[in-house]
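*Asks:* The structure's right below; bear with me while I get my questions together.
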Amino acid sequence: MSKNKTTAANESPAELAADVLDERLIRHEGLGGAVRAFFQRVRGGDLGSLPVVIGLVLIWAIFQILNQNFLSSNNLVDLTMQSAATGTIAIGVVLVLLIAQIDLSIGSISGLAAAILAVGMTQLGWPIWLAVIVALLAAIAIGLLYGILYTRFGVPTFVITLAGLLAVLGLQLKILGPNGSINLPYESWIVQLGTSMFFPPWAAYALAIIAALGMFFSDWFRSRRRVRAGLTGNSVTLMFIKAGLLLALLLVAVWYLATTRGVGVMFALFVAFVVIMNFFLTRTRWGRAVYAVGGNVEAARRAGIKVNRIVISVLMLGTLFAAIGGLFATGRLTAATLSSGGGDTNLVAIAAAVIGGTSLFGGRGSAYSALLGIFVIQSISNGLSLLNLDSSIRYMITGAVLLLAVIIDALSRRSRATHGQA
Amino acid sequence: MTMEAPLAEQPTLQREPVLSLRGISKNFGAVQALTDVDMDIFAGEVVAIVGDNGAGKSTLVKILAGVHGPDAGTIMFDGRRVTIPSPAAARALGLAIVFQDLSLCDNLDVVSNLFLGREVSDFTLNEEEMEKHSWTLLRQLSAKIPSVRIAVASLSGGQRQTVAIARSLIGDPQVVILDEPTAALGVAQTAEVLNLIENLRERGLGVVLISHNMADVQAVADRVVVLRLGRNNGDFRIPEVSYEEIISAITGATDNAVTRRATAHGTHEGSDS
């Protein structure tokens, strides 16, 4: 009986691509189809980054109404530069959350990186690159230690990194010494990077065009490979529209920012990190393994994935990005202090990842949630300080937004379940 | 089913078994989980392993899966003596195991699940090749899955089991071991999985089916191996054995003349009334 079925399936018409043979599949073709498919996805609870984008637009609109300076080019440049440091830390948080773990010590690690950089540069007379490398290596070593502790002893990362938070903070204070605060020379490139290194407009325009072309060709080549493999390709019109929209958005953004200072190199580096991590997460075996470990660690183990290696590599990347973010923050503040990486750094970075749409339960999220999430948080914080409201209000509002984001996540999870897309 | 009996007999007589266990023993502390278990699996044959809870079925599967090592005994695969130190080694040999609790990643789509841990990749993933291969494989299994780009979570229980079984075929194994594949499935879905098992046999694979469900066992298996308290307690050819005989081998009723008499008496009474 089953033999007959097999041959029947093999004899199905060859003109149709392999992935659309099933007659039950609802097909969406062309531009209209893409729009319909999008609305269907949203109704089914697959919100993606839609709530964040809508939230961001709302926040910007409200602050612009309250204060005309909010959307000024100058303030937006500030916003991008403020976002870069904590946003970079948030990339690491996204990675760690994807494997359903958490790193609470990212703030301390960013502070440690700041301390190592400052002491190395000013007191030990190291060249900046050496200080940077030592700071990053220290962070990677801590991540490795976390990973070994977790995989060897099975202690939850929540506890390991809570211990790390204190221990690394102690290390930071020890390195900074009795002074507690070290100023960096203003001419050093790390400070320049944090404060006044901007792309000339032509370079920024060129980057925007390269990004849009890159997306178009990546889509185009993928579509061609699919057709060659006997699957459906994507419509070229759609690819044009997608790349065109991105290009228009980037060009307008660059033009508007360039009316004052322009696009900060530090911010561009942050965005580049996001794009690179997104590539590794979606297009490599390592990334697939990260999602698998976050989704069902036992299944991943049985599938032959070396779970321990994945966990250790992710924890190391988490601390590495925390350190890079810490270095960015030091450059921006032009000093390493006792409170570098202290205060709300930890929670803002974790909140950014969650607000951006990365699930706290692992396996769901993308590198872009770091970018979107930090924009939301920094917009609120920036807007409230423009309104001369102090940090008490800022904390309360940021807390409320975080809660809202988690509620949206929970609701969309429920909707996914009822629409069979969990 | 009777038509399949001669088909299954041929390989048993002429060919070497593809997987052969001799004198497998395993203890966990003071508990002797398996004692001197022998088993042969031939290509193109479905062998059911049945037994009560605690009979040692899961332990046997775990030994074959490379989760536990046996304390004594030999495993011959394809005529060679082998050891299975790890799950990866079992896979490398050509032994594929579909575990009871599915072990799929709900957050990943069908293609990602099928190729999990053995993605086709040259630095970047070759999604197109994997998707194409997925469709070919699912069609060969007559699987009814509308799209391979939807998350596994949105599939029905039978479809998920299909994906789990299809995944075991990715590395071209010679023996597929299915641990309770129809547990928690509905009637239609169970039938789908049974069709799939017959399909595996037609592809010339040795299939080991671990099941509590005698109806399933009698429907698809060619041979049934009974384990009781960690020992072999019967090896029957399905067409030649009755439901009652299997049950008594499982429960140990054959050892006990009184029970057997009571059963015989019971059936006699039943036919009288």
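For the record, the sequence lines run as chains A and B. Here the first sequence is numbered in the working numbering, starting from 108 and rising by one per residue. Here the second sequence is numbered in the working numbering, starting from 229 and rising by one per residue. Virtual Cβ for every residue (Gly too), placed ideally from N, Cα, C. All values reported here derive from a predicted model rather than from experimental measurement.
Per DSSP, LEU247 of chain B forms a beta bridge with which residues?
*Replies:* Here residue 247 of chain B corresponds to residue number 19 of the second sequence, with the count starting at 1. LEU247 of chain B is bridged to B:ILE269, B:PHE305.
*Asks:* CA-CA distance, ARG521 of chain A and ALA220 of chain A?
*Replies:* Indexing the first sequence from 1 puts residue 521 of chain A at position 414. Indexing the first sequence from 1 puts residue 220 of chain A at position 113. Whole-angstrom Cα-Cα distance: 41 Å.
*Asks:* Compare the C-beta of PRO401 of chain B with all C-beta atoms of chain A and state if any pair is closer than 8 Å.
*Replies:* Within the second sequence, the letter at position 173 stands for residue 401 of chain B. PRO401 of chain B does not count as touching chain A.
*Asks:* What in chain A is Cβ-close to LYS360 of chain B, meaning under 7 Å?
*Replies:* Taking the first residue of the second sequence as position 1, residue 360 of chain B is located at position 132. By Cβ distance, chain A contributes ALA125, ALA336, GLY337, LEU338.
*Asks:* Extract the residue ranges of the alpha helix (DSSP H) inside the region 246 to 324 of chain A, only unbroken runs of 4 or more that lie entirely within it.
*Replies:* Counting whole runs of 4 or more residues, the region 246 to 324 of chain A contains the alpha helix (DSSP H) stretches 264 to 283, 296 to 302.
*Asks:* Judging by CA-CA distance, which residue of B:LEU321, B:LEU247, B:THR287, B:GLU273 is the nearest neighbour of ASN255 of chain B?
*Replies:* Taking the first residue of the second sequence as position 1, residue 255 of chain B is located at position 27. Closest by alpha carbon: B:THR287.
*Asks:* Check whether the Cβ atoms of ASN181 of chain A and LEU494 of chain A sit closer than 8 Å, and answer yes or no.
*Replies:* In the first sequence, counting from the first residue as 1, residue 181 of chain A sits at position 74. In the first sequence, counting from the first residue as 1, residue 494 of chain A sits at position 387. Cβ distance not < 8 Å, so ASN181 of chain A and LEU494 of chain A don't count as in contact.
*Asks:* What residue from A:LEU353, A:ILE317, A:GLY432 has the CA that sits closest to PHE374 of chain A's CA?
*Replies:* Working through the first sequence from its first residue, we reach residue 374 of chain A at position 267. The option with the nearest alpha carbon to PHE374 of chain A is A:GLY432.
*Asks:* When you compare only the Cα positions, how much space is there between ASP502 of chain B and GLU244 of chain B?
*Replies:* What is shown of chain B runs 229 to 501, which leaves residue 502 of chain B out entirely.
*Asks:* DSSP on GLY394 of chain A, reduced to helix/strand/coil?
*Replies:* Counted from its first residue, the first sequence places residue 394 of chain A at position 287. In the structure shown, GLY394 of chain A sits in a helix (DSSP, three-state: H, G or I).
*Asks:* If you reduce the DSSP assignment to three classes, tell me which class ARG471 of chain A lands in.
*Replies:* By 1-based counting over the first sequence, the position of residue 471 of chain A is 364. Residue state, collapsed to three classes: coil.
*Asks:* Our contact map puts ILE249 of chain A next to LEU256 of chain A with C-beta atoms below 8 Å; I'd like the distance itself, whole angstroms only.
*Replies:* The residue given as residue 249 of chain A occupies position 142 in the first sequence. The residue given as residue 256 of chain A occupies position 149 in the first sequence. Not really, about 11 Å apart at Cβ, beyond 8 Å.
*Asks:* Kindly indicate the opening and closing residues of the beta strand (DSSP E) around THR444 of chain A.
*Replies:* Counting from one through the first sequence, the residue named residue 444 of chain A turns up at place 337. Taken as a continuous stretch (DSSP letters only), the beta strand (DSSP E) holding THR444 of chain A covers 442 to 444.
*Asks:* Below 8 Å, can you find three or more Cβ-Cβ pairs linking the region 199 to 213 of chain A to the region 450 to 460 of chain A?
*Replies:* The answer is yes - the region 450 to 460 of chain A touches the region 199 to 213 of chain A, with three or more Cβ pairs under 8 Å.
*Asks:* With DSSP run on the structure shown, which of helix, strand or coil describes GLY433 of chain A?
*Replies:* Sequence index remark: in the first sequence, residue 433 of chain A carries index 326 (1-based). If DSSP states are grouped into helix, strand and coil, GLY433 of chain A belongs with the helices.
*Asks:* Helix, strand or coil for ALA258 of chain B, going by three-state DSSP, please let me know.
*Replies:* Within the second sequence, residue 258 of chain B is the residue found at index 30, counting from 1. Of the three classes helix, strand and coil, the one that applies to ALA258 of chain B here is coil, per DSSP.
*Asks:* For LEU321 of chain B and PRO401 of chain B, I'd like the C-alpha separation in whole angstroms.
*Replies:* What you label residue 321 of chain B is simply residue 93 of the second sequence in a count that begins at 1. What you label residue 401 of chain B is simply residue 173 of the second sequence in a count that begins at 1. Roughly 8 Å between the two C-alpha positions.
*Asks:* Hey, how far is the Cα of ALA411 of chain B from the Cα of VAL241 of chain A?
*Replies:* If you number the second sequence from 1, residue 411 of chain B lands on position 183. If you number the first sequence from 1, residue 241 of chain A lands on position 134. Distance between the alpha carbons of ALA411 of chain B and VAL241 of chain A: 56 Å.
*Asks:* Do the CB positions of LEU243 of chain A and LEU427 of chain A come within less than 8 Å of each other?
*Replies:* The residue labelled residue 243 of chain A in the question sits at position 136 within the first sequence. The residue labelled residue 427 of chain A in the question sits at position 320 within the first sequence. It is a contact, given that the beta carbons lie within the stated cut-off.
*Asks:* With DSSP collapsed to three states, give me the class of SER488 of chain A.
*Replies:* Counting from 1 along the first sequence, the entry for residue 488 of chain A is found at position 381. Note: SER488 of chain A maps to helix in three-state DSSP.
*Asks:* Which chain B residues sit within Cβ distance under 8 Å of ILE412 of chain A?
*Replies:* The residue you call residue 412 of chain A lines up with position 305 of the first sequence. What ILE412 of chain A touches in chain B: LEU344, GLY345.
*Asks:* ALA300 of chain B and GLY251 of chain B look like a contact to me (Cβ under 8 Å); what is the Cβ gap, rounded to whole Å?
*Replies:* Indexing the second sequence from 1 puts residue 300 of chain B at position 72. Indexing the second sequence from 1 puts residue 251 of chain B at position 23. Yes, ALA300 of chain B and GLY251 of chain B are in contact; Cβ-Cβ is about 6 Å, under 8 Å.
*Asks:* Just tell me which of A:GLU405, A:PHE145, A:VAL159, A:LEU511 has its CA closest to the CA of ASP329 of chain B.
*Replies:* For the purposes of this step, residue 329 of chain B is taken as residue 101 along the second sequence, with counting starting at 1. Per the Cα distances, A:GLU405.
*Asks:* Sorted by chain position, which residues of the same chain lie with C-beta nearer than 6 Å to ILE325 of chain B's C-beta, five sequence neighbours on each side aside?
*Replies:* Here the question's residue 325 of chain B lines up with position 97 in the second sequence. Answer for ILE325 of chain B: ALA293, ILE405, listed in chain order.
*Asks:* Give me whichever residues DSSP pairs with SER349 of chain B in a beta bridge.
*Replies:* As a working mapping, residue 349 of chain B is identified with position 121 in the second sequence. The partner list for SER349 of chain B (beta bridge, DSSP) reads B:LEU353.
*Asks:* Counting only Cβ-Cβ distances shorter than 7 Å, please list the residues of the region 383 to 399 of chain A near chain B, keeping chain order.
*Replies:* Going along the region 383 to 399 of chain A in chain order, one finds ARG390, THR391, ARG392, ARG395, TYR398, ALA399 with a Cβ nearer than 7 Å to chain B.
*Asks:* Alpha carbon to alpha carbon, how far is TRP327 of chain A from GLY345 of chain B?
*Replies:* Mapped onto the first sequence, residue 327 of chain A falls at position 220. Mapped onto the second sequence, residue 345 of chain B falls at position 117. Taking the straight line joining both Cα atoms gives about 28 Å.
*Asks:* Determine the burial state of SER396 of chain B: buried for a count of at least 16 other Cβ atoms within 10 Å of its Cβ, exposed for fewer.
*Replies:* In the second sequence, residue 396 of chain B corresponds to position 168, counting from 1. Buried, because 16 or more other Cβ atoms sit within 10 Å of the Cβ of SER396 of chain B.
*Asks:* Run through DSSP, which three-state label would LEU244 of chain A get?
*Replies:* By 1-based counting over the first sequence, the position of residue 244 of chain A is 137. Three-state result, LEU244 of chain A: helix.
*Asks:* Just to confirm, are VAL361 of chain A and PRO308 of chain A a CB contact at a threshold of 8 Å?
*Replies:* Taking the first residue of the first sequence as position 1, residue 361 of chain A is located at position 254. Taking the first residue of the first sequence as position 1, residue 308 of chain A is located at position 201. Yes, the Cβ-Cβ distance between VAL361 of chain A and PRO308 of chain A is below 8 Å.
*Asks:* May I ask you to report which of helix, strand or coil DSSP gives ASP543 of chain A?
*Replies:* Absent from the structure is residue 543 of chain A, since the part of chain A shown begins at 108 and ends at 529.
*Asks:* Give me the chain D residues within the contact set of GLU405 of chain A, using Cβ-Cβ distance strictly less than 7 Å, ordered along the chain.
*Replies:* In summary, chain D is missing from the structure at hand, where the protein chains are A and B.
*Asks:* My assumption, with CB atoms under 8 Å, is that ALA392 of chain B sits in contact with LEU369 of chain B. Please give the rounded CB distance.
*Replies:* The residue given as residue 392 of chain B occupies position 164 in the second sequence. The residue given as residue 369 of chain B occupies position 141 in the second sequence. That pair is no contact at about 12 Å.
*Asks:* Taking CB distances under 8 Å as the criterion, tell me whether ARG471 of chain A reaches chain B.
*Replies:* Position 364 of the first sequence holds residue 471 of chain A. Output row for ARG471 of chain A: interface = yes.
*Asks:* Do VAL275 of chain B and VAL436 of chain B count as a contact pair if the criterion is CB distance below 8 Å?
*Replies:* As a first step, residue 436 of chain B is located in the second sequence; it is residue number 208 there, counting from the start. As a first step, residue 275 of chain B is located in the second sequence; it is residue number 47 there, counting from the start. For VAL436 of chain B and VAL275 of chain B, yes; Cβs fall inside 8 Å.
*Asks:* Looking at LEU247 of chain B and ASP266 of chain B, is the spacing between their C-beta atoms short of 8 Å?
*Replies:* The sequence position of residue 266 of chain B within the second sequence is 38, counting from 1. The sequence position of residue 247 of chain B within the second sequence is 19, counting from 1. Contact flag unset, no.
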